[in-house]
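Peer 1: For reference, the structure I am asking about is given below.
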Amino acid sequence: MSTVFESFQKMKYPVSFGLLTRNVIKADRCCLCGTCVASCSLQAIDIVNGVPKLVGPCYACGSCYSGCPQTVEALTNRKEMELAIFGRTRNEDESSGIFKASYAARTKIGTIKDKCQDGGVVTTLLFAAFEEGLIDSAIVSAMSDKEPWKPIPKIATTPDEIVNAAGTKYAASPNISLLGQAHWGRSLNGIAVVGVPCQVYGVRRMQFFPGAATRYAEKVKYVIGLFCMENYPYEKLFLKYIKEEKGLNLAEITKFDIKKGKFLAYKGKELVLEVPVSETKDYTLGSCHTCPDLTAEFADISVGSIGSPAGWSTVLVRTDKGEELLNAAIKKDYLEIKDLKDVEPGIKLVHKLSKAKAKQIEKLKT
Ligand SMILES: Cc1cc2nc3c(=O)[nH]c(=O)nc-3n(C[C@H](O)[C@H](O)[C@H](O)COP(=O)(O)OP(=O)(O)OC[C@H]3O[C@@H](n4cnc5c(N)ncnc54)[C@H](O)[C@@H]3O)c2cc1C
Ligand code: SF4
Ligand code: SF4
Ligand code: SF4
140 MSTVFESFQK MKYPVSFGLL TRNVIKADRC CLCGTCVASC SLQAIDIVNG VPKLVGPCYA
200 CGSCYSGCPQ TVEALTNRKE MELAIFGRTR NEDESSGIFK ASYAARTKIG TIKDKCQDGG
260 VVTTLLFAAF EEGLIDSAIV SAMSDKEPWK PIPKIATTPD EIVNAAGTKY AASPNISLLG
320 QAHWGRSLNG IAVVGVPCQV YGVRRMQFFP GAATRYAEKV KYVIGLFCME NYPYEKLFLK
380 YIKEEKGLNL AEITKFDIKK GKFLAYKGKE LVLEVPVSET KDYTLGSCHT CPDLTAEFAD
440 ISVGSIGSPA GWSTVLVRTD KGEELLNAAI KKDYLEIKDL KDVEPGIKLV HKLSKAKAKQ
500 IEKLKT
């Protein structure tokens, strides 16, 4: 496998947390995925006040740097990862990455319908996988009890915990940091990880990149990717913009959404905020300005709303494992499912927006 990664052959050791700080964190390219935290065998990295910090000794092993999805090396050598996962690189017409089937789907489970963001497919896949004994845990983003809409990475080990984490929280959630805990502290064996594209890339680097902490990702069985156009630090979007500037009480909001270029907030059925998403641009994570991946191109299965009608999810099945997950939900009769070809706007829109997002990489300062 290591022969695929020419960029690894070019790495000059020793590589320390200092290099990650200089090249990624101080360069405002950290997406807060948490991969570096999970990667350190000395557990010397923690997220402190929303930033990865060294809290112990560093012996310059380079694992955190190798796992990070936001180094220039990682961002400019994505083809290596494609080759490692799919055994080939994409063709010209595969603007949203390699996938073997595409669907529009929505859940049939009432409790998931009540909580989910779009078609409830992500939660339904996890729910079915749990019931079928394919997984014993899922890394998801739950919501803080104390700070409304603050995502809290969580290892869910029951169907209730999986369902409770449904719904999108539009803030960075260092989900991948929990792979450290999963390795050191718990006897988990089949983990499904849910994450936005950069988090998916972090997990894949941990699994495949030779210099990364591959042993800490051994228990990851499935990677479910979410489409993602942009994300925000919690403090900037929720505390500064929504609470301070827009005067909304976060505890009263029942759903946030981004649809058709609008950022929306609902109190029950009442729409209480509708602004162009461009108005939130100054509050996004720095990493999102150069991010080339809309559809989580390295996931086993990717899920988003773009391409499908309201209340449905677009589903891109990329690997055999992704197919296994979807089949588990179909076998339980938990999903309504259509070929993506049979819905509008379908894959055309997904490809169009993927192409536009891929161009963002041209802004990367190398
Ligand atoms: C920051 C962000 C930006 C997104 N932008 C787009 C977009 O531009 N276009 C688009 O089509 N779709 C986007 N999505 C995906 C979309 O919001 C839904 O998550 C997706 O359509 C799946 O819907 P669902 O009903 O199947 O998910 P659900 O069944 O509701 O499950 C959602 C899952 O997402 C997890 N989750 C929630 N918040 C986060 C978070 N902050 N980080 C990681 N995991 C989280 C939950 O733990 C849960 O497991 C975005 C998601 C996020 C988190
Ligand atoms: S992973 Fe290695 S390089 Fe990174 S902080 Fe830990 S010891 Fe240092
Ligand atoms: S992008 Fe992820 S791995 Fe890189 S520094 Fe930030 S949290 Fe760590
Ligand atoms: S836009 Fe890219 S970098 Fe930003 S949160 Fe989404 S996947 Fe991560």
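Counting in the working numbering, the sequence shown tops out at residue 505, every number present.
Beta carbons: idealized from backbone N, C-alpha and C, even for Gly.
All figures in this text were calculated on a predicted structure; none of them were measured in a lab.
Would you check whether ligand 1 has a heavy atom nearer than 8 Å to the C-beta of I469?
Peer 2: no
Peer 1: Going residue by residue through the region 309-355, where are the continuous beta strand (DSSP E) segments of at least 3 residues, counting only ones entirely within it?
Peer 2: 330-334
Peer 1: Taking buried to mean at least 16 other C-beta atoms within 10 Å of its own C-beta, is D421 buried or exposed?
Peer 2: exposed
Peer 1: Is the beta carbon of C175 less than 9 Å from the beta carbon of C207?
Peer 2: yes
Peer 1: L503: beta carbon under 8 Å from a heavy atom of ligand 2?
Peer 2: no
Peer 1: Compute the Euclidean distance between the alpha carbons of Y355 and S316, then round it to the nearest angstrom.
Peer 2: 10 Å
Peer 1: Identify the residues that DSSP records as bridge partners of G443: which are they?
Peer 2: T453
Peer 1: So, with DSSP's three-state summary, where would you put S241?
Peer 2: strand
Peer 1: Roughly how many angstroms lie between the CA atoms of E212 and Y204, to the nearest whole one?
Peer 2: 10 Å
Peer 1: According to DSSP, simplified to helix, strand and coil, what is E145?
Peer 2: helix
Peer 1: Counting beta carbon pairs with one atom in the region 146-155 and one in the region 357-372, are three or more of them shorter than 8 Å?
Peer 2: no
Peer 1: DSSP on I224, reduced to helix/strand/coil?
Peer 2: helix
Peer 1: Kindly examine ligand 4 and report whether one of its heavy atoms sits closer than 8 Å to the Cβ of P336.
Peer 2: At least one heavy atom of ligand 4 is found less than 8 Å from the C-beta of P336.
Peer 1: Taking only heavy atoms of ligand 4 into account, decide whether any of them is closer than 8 Å to the Cβ of S426.
Peer 2: yes
Peer 1: Could you check if I301 belongs to the surroundings of ligand 1, using beta carbon to heavy atom distance under 8 Å?
Peer 2: yes
Peer 1: Which residues share a DSSP beta bridge with M556?
Peer 2: As shown, the chain starts at 140 and ends at 505. That puts residue 556 outside it, with no answer to give.
Peer 1: Should the region 395-404 be called in touch with the region 290-301, which here means at least 3 C-beta pairs below 8 Å?
Peer 2: no
Peer 1: Which residues in the same chain have their Cβ closer than 8 Å to the Cβ of L503, if we skip the five residues on either side of it in sequence?
Peer 2: V211, L214, T215, T429
Peer 1: Using the Cβ count rule (16 or more neighbours within 10 Å means buried), how would you classify D246?
Peer 2: Correcting the residue type first, residue 246 is Thr in the shown sequence and not Asp. Counting Cβ neighbours within 10 Å, T246 comes out buried, since at least 16 surround it.
Peer 1: Give me whichever residues DSSP pairs with F120 in a beta bridge.
Peer 2: Lying before the first or after the last residue shown, residue 120 is absent from the chain, which here runs from 140 to 505.
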